[in-house]
Structures are given as structure tokens and as C-alpha cells.
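So this note's numbering is basically just the index in the sequence shown, starting at one, shifted up by 1282.
Here a beta-carbon is modelled for each residue, glycine too, at the ideal position from N, C-alpha and C.
Data first, discussion second: the structure below is written as C-alpha cells.
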Amino acid sequence: MSDPQTFSFSRVSSFEQCPRRYRYRYLDGVHEAFQSVEAFMGQQVHAALEWLFKRKEQGQVPSLEQCVAYYCSVWDATVKDSATPVKVVRGGESEPYRRSGAEMLADFYRNRFPGDQLSTVATEQHVSIRLAGRLPFQGFIDRFARDCGGRYYIIDYKTGKRVPQRFEGKDAEQLEAYALTVFADYGVDEVVLSLEYLRTGRNNTKVVRRSEAAALEQRLAARIDAALSATVFPPNPGVLCDWCGFNDLCEAARTRYGKEA
């Protein structure tokens, strides 16, 4: 069972999206019956990017073909070893999703990787902070980097289809939360936040300054307090129920549209 006191941004978002799913996962400690193929594909793309940037920092830059081959090998090994089935929610085979991930990696390698001048400090870096002096918060930064002038970057790679026009929404708020940990651990006055959308090659960025940190921390702490103070956890049925690994337990999912889920 997850620690009922330590929060991540995904945990906050889960509560706000569907309190029942939050309860199953974070309070009851129930394992989801499946993982969507979209989420699975995103994880394997991130694993390949982590490998690519680590090798680059070691002075051993892989070729495009090696990067895609690594992605495919990780996909196969993870499918074989995972105890949680991967589900194609809308039916069909998983191969188109596997191919889509490989294409995104190839496009990133050709169009973005050669011109990348940042030095990678860490990939999948675990960060933590105690918000308002009392609320443990943690997360993982896809890529934590810095430029030649010493400015730090928090970079998140997105594999989904939705590409906002501006730096906004939950993905943006997550990076703002991670910026709080950088301000706490490093003596810097600003951090560049970057959401890189691999399907389109687009990126949305924002510079967040230390002077903004107090307000960001206050808002995040209030959201966590709302989850901690909750005593009932009603379901929030909708189209996303199809992608929820708890829909076999939830009565709202089973009766949605008047039929069994």
C-alpha cells in the first residue's frame, strides 16, 4: 500500500480526476488489472531517451538505429516480464503503438538530438520537498539539464496526441511543482520548464522564477490538503473509465451507459 502521506503530482491529479480511483490505488493499495498500451508505449519511449542521454554524457553517442533497437528490446523484455497485462483499449493489436513509439524516437533523433547543446545532469531524477514544512512531495524529472551559462532546465517528454497551444494544464503544473524542488536544492533564481511533444516536434516552455515559488507551493499544498481531508471518494464516470485498471471493481464503470464494463 502506498504511503498515505507522501504525494506525487500524479497522485494529486488522480484525486482531482476521480476520487474513487485515487482511493483504490493510493489508500487501498489495489493493483490495476491492466495497463493501457498508450501508457506502456510512453514508458518504453522514456526508457530509450534515458538510455540515449546517459550514453551521450558518457561520450558514446548511439546511432539512430541503435536507439530504436534499444526501444524495441526494452518493449519486448518488459512485456515478457511484467505481471500487469498491456491492454489495447479500443481493440486491435499493440504493434501500431510499438511502431508509433519507434517513429517518435526516430523523428526526435533526426530533428532535435543533433542540435541539443544542453548538458544532462540526470535522467529520471528523483526529487522531493516538504511543502509548507509539513507535506512530503516527490517526483521524477524526465531530464534535468543545464546550459553553458549554468541555467537549469526541467524537461518532460510527451508521447500523447494532445498538444496545448501554450504552456498550461496539468503537465505544466507538474513541472512547476518540480521547480520548487530545484529552488530548494540549488541556489538559482530561475528554472526553464520545457514540455517537448514527440509526435509533432513542438515544445512549450516557461521560465519560472524564485519569486513565484511561494505562490506555487501554496497552491500545490492546498490541493494536497483537499485530498488528505477527503472522507468520501465518489467515482467520476466518463470516457476515461475505459482506460482505468480498476473498472472491474467500480460500480460506476460497470453500469456506465447501462451495460457492464
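Using three-state DSSP, classify residue i as helix, strand or coil.
{"i": "Q1342", "result": "coil"}
{"i": "G1442", "result": "coil"}
{"i": "N1393", "result": "helix"}
{"i": "P1519", "result": "coil"}
{"i": "E1332", "result": "helix"}
{"i": "A1534", "result": "helix"}
{"i": "R1307", "result": "helix"}
{"i": "A1365", "result": "coil"}
{"i": "D1524", "result": "helix"}
{"i": "Q1399", "result": "coil"}
{"i": "L1480", "result": "coil"}
{"i": "Q1287", "result": "coil"}
{"i": "E1406", "result": "strand"}
{"i": "Q1447", "result": "coil"}
{"i": "V1370", "result": "coil"}
{"i": "Y1539", "result": "In this prediction, Y1539 scores a pLDDT of 48, lower than 50, which makes its location untrustworthy; no coordinate-derived value is stated."}
{"i": "E1472", "result": "strand"}
{"i": "S1318", "result": "strand"}
{"i": "V1489", "result": "strand"}
{"i": "R1433", "result": "coil"}
Can you say whether residue i is buried or exposed, counting buried as having 16 or more other CB atoms within 10 angstroms of its CB?
{"i": "H1313", "result": "exposed"}
{"i": "T1441", "result": "buried"}
{"i": "D1228", "result": "Residue numbering for the chain in the displayed model covers 1283 to 1543; residue 1228 lies beyond these limits and cannot be assessed."}
{"i": "T1463", "result": "buried"}
{"i": "K1362", "result": "exposed"}
{"i": "K1369", "result": "buried"}
{"i": "F1297", "result": "buried"}
{"i": "P1378", "result": "exposed"}
{"i": "E1478", "result": "buried"}
{"i": "D1244", "result": "There is simply no residue 1244 to check, as the chain begins at 1283 and stops at 1543 in what is shown."}
{"i": "M1283", "result": "In this prediction, M1283 scores a pLDDT of 42, lower than 50, which makes its location untrustworthy; the coordinate-derived value is nonetheless stated afterwards. With fewer than 16 Cβ atoms within 10 Å of its Cβ, M1283 is classed as exposed."}
{"i": "E1320", "result": "buried"}
{"i": "L1480", "result": "buried"}
{"i": "G1520", "result": "exposed"}
What residues in its chain sit with their C-beta under 8 angstroms from that of residue i, if we drop five residues either side in the sequence?
{"i": "R1547", "result": "In the structure as shown, the chain begins at 1283 and stops at 1543. Residue 1547 is therefore absent and cannot be evaluated."}
{"i": "F1528", "result": "R1302, R1303, Y1306, R1307, V1312, E1314, A1315 and A1535"}
{"i": "E1339", "result": "S1401 and T1402"}
{"i": "C1354", "result": "R1380 and A1384"}
{"i": "A1461", "result": "I1436, V1473, L1475, V1490, A1495 and L1498"}
{"i": "Y1434", "result": "V1403, F1426, A1427, R1428, V1464, Y1468, V1470, V1473 and V1474"}
{"i": "V1514", "result": "P1301"}
{"i": "E1533", "result": "P1517"}
Could you give the residue range of the alpha helix (DSSP H) that holds residue i?
{"i": "L1467", "result": "For the sequence presented, residue 1467 should be read as Asp rather than Leu. From DSSP, the alpha helix (DSSP H) with D1467 extends over K1452 to D1467."}
{"i": "P1301", "result": "P1301 to Y1304"}
{"i": "G1503", "result": "The sequence shown places Ala at residue 1503, rather than the Gly named in the question. That run of the alpha helix (DSSP H) goes A1495 to S1511."}
Once you ignore the five residues that flank residue i on each side, which residues in its own chain have a CB closer than 7 angstroms to its CB?
{"i": "W1357", "result": "Q1326 and R1380"}
{"i": "A1503", "result": "L1413, A1414 and L1417"}
{"i": "E1450", "result": "none"}
{"i": "Y1391", "result": "L1346 and C1349"}
{"i": "A1330", "result": "C1349, Y1352, Y1353, V1356 and L1387"}
{"i": "I1411", "result": "F1419, L1462, T1463 and A1466"}
{"i": "Q1287", "result": "P1418"}
Report all residues from its chain with a CB closer than 6 angstroms to the CB of residue i; omit the five preceding and five following residues, and keep chain order.
{"i": "E1332", "result": "T1405 and E1406"}
{"i": "D1530", "result": "A1315"}
{"i": "A1543", "result": "Annotation note: pLDDT 40 at A1543 (below 50); position unreliable, coordinate value reported separately. Contacts found: N1529, A1535 and R1536."}
{"i": "P1367", "result": "F1316"}
{"i": "Q1399", "result": "none"}
Are there any heavy atoms of the ligand ZN lying less than 7 angstroms away from the beta-carbon of residue i, as far as the coordinates show?
{"i": "G1341", "result": "With respect to the ligand ZN, the structure shown offers nothing to examine, as it has no ligands at all."}
Start and end of the beta strand (DSSP E) containing residue i?
{"i": "D1424", "result": "L1417 to R1428"}
Inset, instruction - Answer yes if the region 1444-1463 comes into contact with the region 1285-1300, meaning at least three C-beta pairs across the two stretches below 8 angstroms, and no otherwise. - result: yes
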